[in-house]
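The structure appears below as structure tokens.
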Amino acid sequence: MARHFLALHDYNKAELDGMLTLARELKEKQQQGVPHRLLDGKALAMIFEKSSTRTRISFEVGMFQLGGHGLFISNRDSQIGRGEPIRDTARVMSRYCDGVMIRTFGQEIVDEFARYASVPVINGLTDLFHPCQIMADLLTVVEHKGAYEGLKFAWVGDGNNMANTWIEAAAIFGFDLALACPAGYRPDQAVLAWADAKAPGRIIVTDDPKAAVRDADVLNTDVWASMGQESEQKERERAFAGYCLDDALLALAKPDAVVLHCLPAHRGEEISDSVIEGKNSVVWDEAENRLHVQKAIMATLMK
Ligand code: CP
Ligand code: NVA
Numbered sequence: 009m010a011r012h013f014l015a016l017h018d019y020n021k022a023e024l025d026g027m028l029t030l031a032r033e034l035k036e037k038q039q040q041g042v043p044h045r046l047l048d049g050k051a052l053a054m055i056f057e058k059s060s061t062r063t064r065i066s067f068e069v070g071m072f073q074l075g076g077h078g079l080f081i082s083n084r085d086s087q088i089g090r091g092e093p094i095r096d097t098a099r100v101m102s103r104y105c106d107g108v109m110i111r112t113f114g115q116e117i118v119d120e121f122a123r124y125a126s127v128p129v130i131n132g133l134t135d136l137f138h139p140c141q142i143m144a145d146l147l148t149v150v151e152h153k154g155a156y157e158g159l160k161f162a163w164v165g166d167g168n169n170m171a172n173t174w175i176e177a178a179a180i181f182g183f184d185l186a187l188a189c190p191a192g193y194r195p196d197q198a199v200l201a202w203a204d205a206k207a208p209g210r211i212i213v214t215d216d217p218k219a220a221v222r223d224a225d226v227l228n229t230d231v232w233a234s235m236g237q238e239s240e241q242k243e244r245e246r247a248f249a250g251y252c253l254d255d256a257l258l259a260l261a262k263p264d265a266v267v268l269h270c271l272p273a274h275r276g277e278e279i280s281d282s283v284i285e286g287k288n289s290v291v292w293d294e295a296e297n298r299l300h301v302q303k304a305i306m307a308t309l310m311k
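Each number in the working numbering comes from the position in the sequence shown (counting from 1) with 8 added on.
Pasting the structure below:
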């Protein structure tokens, strides 16, 4: 049975820490030009039902650096977009490829794909979770802060796929997380209930951005309208007024707090230009770390 990477909750802390350690080793090797062809001759299918810059490039380049090959498959020019069933696609791709990465809408789509696939399946973002991104974010925090233990993490904005994955991460890794989300845009209730049962009291949800960011070590936000929610842009702009991660909010966090954003960012909406370009921002390191973390995930699952 193949082991998949669909959500952080399928893994324990030791396993995820192991992937972060491997990511650091692979990053060092890459930077020193030391070959690390852990997936020599292997192929990863990369299915995109939504747009991507970082995820596509980092998986494809990552496979290349590991000695394998990544194939970009969009729903527009494959039979997926013409309605070929997920379970058929999963079985066929498993006969050609050594792993599959999927970016799609419902989490149930990646779950079904994984049920029928005989090779590892990696979640490259769903409406519910973005686990590869949060692993890259944690690697970035460890690089800048030395460790994630004992830090206060804050989330400002939509209770979306990123927020849900942070909630799982806080419960599994064991750090404090305060999320500020307006009414109607809170994180997934089932995810919150799962995390609260696993790590009671670690995660706080408020509608007050100031309370969430106060004395935080790590600040994080994301777009107000995620992919698939474009038609809600205007009503979301109204709902999220006051939830811009700007200099005034940043001033309430610890002076050496780091600012994360998974990107793409909308300056002037969820984050100000001054904050994303400012001295606390580590967003470019964060984007780079997608590559190193995903190489570690692929090497762990596919070797
Ligand atoms: N952060 C992220 O997943 O970026 P892309 O949508 O460009 O892949
Ligand atoms: N929440 C955003 C993340 C993009 C990487 C979205 O789902 O569109």
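Think of the CB as a built atom: it goes at the ideal place given N, C-alpha and C, for glycine as much as any other residue.
Here the alpha carbon of residue 204 sits roughly 35 Å from the alpha carbon of residue 52. Between residue 271 and residue 291, the gap from beta carbon to beta carbon is short of 8 Å.
Here residue 170 is buried: its Cβ has 16 or more other Cβ atoms, across all protein chains shown, within 10 Å. Scanning its chain for C-beta atoms nearer than 7 Å, with the 5 sequence neighbours on each side dropped, one finds around residue 262 the residues 223, 224, 225, in chain order.
The ligand NVA approaches residue 168 closely enough that one of its heavy atoms is under 7 Å from the residue's Cβ.
Nearest in C-alpha terms to residue 208, of all of 232, 97, 182, is 182.
Linking residue 128 to residue 151 through their CA atoms gives a straight-line distance of about 28 Å. Counting C-beta pairs with one atom in each stretch, the segment 53-65 and the segment 107-117 have three or more that are closer than 8 Å, which means they touch. Just so you know, the alpha carbons of residue 124 and residue 267 end up roughly 39 Å apart. Between residue 59 and the set 93, 247, 113, the nearest pair of CA atoms involves 113. Annotated as distal: residue 311 and residue 31, with beta-carbon spacing of 8 Å or more. Within the DSSP bridge table, the entry for residue 162 names 186, 227 as partners. The continuous stretches of alpha helix (DSSP H) do not include residue 9, and DSSP gives it neither H nor E. One alpha carbon belongs to residue 44, the other to residue 75, and they sit about 8 Å apart. Residue 63 has its Cβ nearer than 7 Å to a heavy atom of the ligand CP.
For residue 108, the enclosing beta strand (DSSP E) begins and ends at 107-111. Contact between residue 217 and residue 250 is confirmed by a C-beta separation of about 7 Å, below the 8 Å threshold. Put simply, the segment 277-284 does not touch the segment 9-25. Fewer than three CB pairs are less than 8 Å apart.
For residue 141, the Cβ falls inside the 7 Å cut-off from some heavy atom of the ligand CP. No heavy atom of the ligand CP is found nearer than 7 Å to the CB of residue 234. Remark: C-beta atoms of residue 220 and residue 186 approach each other more closely than 8 Å.
The shortest CA-to-CA distance from residue 273 to any of 300, 67, 228, 308 is the one to 228.
Burial is judged here by how many other beta carbons sit within 10 angstroms of a residue's own beta carbon; residue 298 has at least 16 and is buried. Boundaries of the alpha helix (DSSP H) harbouring residue 26: 21-40, taken from the DSSP string. Where residue 118 is concerned, there is no enclosing beta strand (DSSP E), although the alpha helix (DSSP H) around it starts and stops at 115-124. When the Cα atoms are used, residue 206 and residue 176 turn out to be separated by approximately 9 Å.
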